[in-house]
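Residue numbers (our numbering): 1336 to 1627.
Working notes for the structure below.
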Amino acid sequence: MIRNEAVAGQFYDSSFDGLDKQIRSCFEGKLGPAALPTGRRKGRIFGAIVPHAGYEFSGQAAAWAYKAIAEAEQPDLFVVVGVNHRGVGKDIALSLADFSTPFGIVKNERNFAKAIIKKAKANNKIDIDEDEKAHIFEHSIEVQLPFLLFTTRNLKFVPIIIGNYNYSLCEKLAKAIADVANQQRKRICLIASSDFTHYGYTYGFIPFSENIKENLYKLDNGAINKIIKLDAKDFIDYARDTTICGAGAIAIAIETCKALGSKRAELLKYYTSGDVVKDYSSAVGYAAIVFK
């Protein structure tokens, strides 16, 4: 089963050559890390928080995370947790499909995915299942895959999207993911796909009308500080008063990475779409954070 691209030509270039050039420009741009990955493989990255907007806006932030991942020891597979923007299907929906991209097919690690479903249902009583409809049009996982293919050999992944959530649910799902990884002796890297504050009339969120850039940075910095402290519960409590779209995915990343041995999180880059277009009247925050 192949899940076809839904946002190629919109969020990122739809041709192989155009996409390759676009991703290289994200690494080499002024807001990016200013260099392609070196190819060295040292240390472990347990997970990362990566934005999921169009590459022209958030691609340079994403490049910071993927450079760190590319320069760390390669995992056996990636678990990519995205957001259910459309509200279609189950609140926790796995796909067992391979995903198509302009760079080629990304293989789904189905045995790992099925084991997560089994353990989460049986041990943690989570309403979780395969739900391909929930994934058809969702972009939050799709936009991560070209970056992963650009930086990773023999890529395998498990895609999960999250709708409604609370801390208890995130904690239980994280435990199931970590337990399966330990039982199968798989070294995983968990990608939480999330943008940060969405500000402006477009998003129905205008908590301030002056010093917008400074206040956006301050608001998102409050969330980032909770993440850096590896405090998923406090982060979710804080995120309730923001428009961080992937707070559930972030909480799952924090708890999963801690369970697998992560001791610290590091902010690599933060900026907003306003910094790209020089207009903060409608702006979204982007952060690249890794768990080591």
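Heads up, the beta-carbon is just placed ideally off N, CA and C, and yes, glycines get one too.
Treat the numbers as computed from the prediction; the structure is a model and nothing was measured.
Can you tell me which of Asp1426, Gly1394, Glu1467 and Gly1424 puts its alpha carbon nearest to the alpha carbon of Met1336?
Taking only the C-alpha atoms, the option nearest Met1336 is Glu1467.
Next item on the list: Would you please state the rounded distance, in angstroms, between the beta carbons of Ile1384 and Ala1622? I believe it to be under 8 Å.
Entry: About 6 Å separates the two Cβ atoms, so the contact holds.
Following the continuous alpha helix (DSSP H) through Lys1627, name the residue where it begins and the one where it ends. Note, Lys1627: premise wrong, no alpha helix (DSSP H); not H, not E.
Ignore the nearest five residues each way along the sequence and tell me which others in Ile1589's own chain have a CB closer than 6 Å to its CB.
-> Cβ contact annotation for Ile1589 (same chain, cutoff 6 Å, sequence separation greater than five): Leu1565 and Ala1567, in chain order.
With 16 other Cβ atoms within 10 Å as the buried cut-off, status of Glu1340:
Buried: at least 16 other Cβ atoms inside 10 Å.
Which one or two residues does DSSP pair with Gly1620 in a beta bridge?
Its beta-bridge partners are Thr1607.
Let me know the secondary structure DSSP gives Val1515 once reduced to three states. Here DSSP, grouped into helix, strand and coil, assigns Val1515 to helix.
Check your understanding: Does the segment 1604-1614 touch the segment 1371-1387, meaning 3 or more C-beta pairs lie closer than 8 Å?
Key -> Contact fails: fewer than three Cβ-Cβ distances are below 8 Å.
(Q) Helix, strand or coil, according to DSSP, for Ser1435 in the structure here? (A) Ser1435: strand per DSSP, three-state reduction.
Checklist entry - Measuring CB to CB, does Ile1303 end up less than 8 Å from Ile1562? => result Residue 1303 lies beyond the range of the chain shown here (1336 to 1627); nothing can be said about it.
Whole-angstrom distance between Lys1402 and Arg1379, CA atom to CA atom = Arg1379 and Lys1402 have their C-alpha atoms spaced approximately 13 Å apart.
*asked:* Applying the 10 Å Cβ sphere with the 16-neighbour rule, what's the burial state of Gly1596?
replied: Counting of Cβ neighbours within 10 angstroms places Gly1596 among the exposed residues, the total staying below 16.
### Message
Suppose the cutoff is 8 Å on Cβ atoms and the five residues either side in sequence are ignored; what does the same chain contact list for Arg1359 look like?
### Response
For Arg1359, the CB contacts under 8 Å within the same chain, skipping 5 residues up- and downstream, are Leu1371 in chain order.
Report yes if the CB atom of Leu1551 is closer than 8 Å to the CB atom of Tyr1534, and no otherwise. In contact: Leu1551 and Tyr1534 (Cβ atoms closer than 8 Å).
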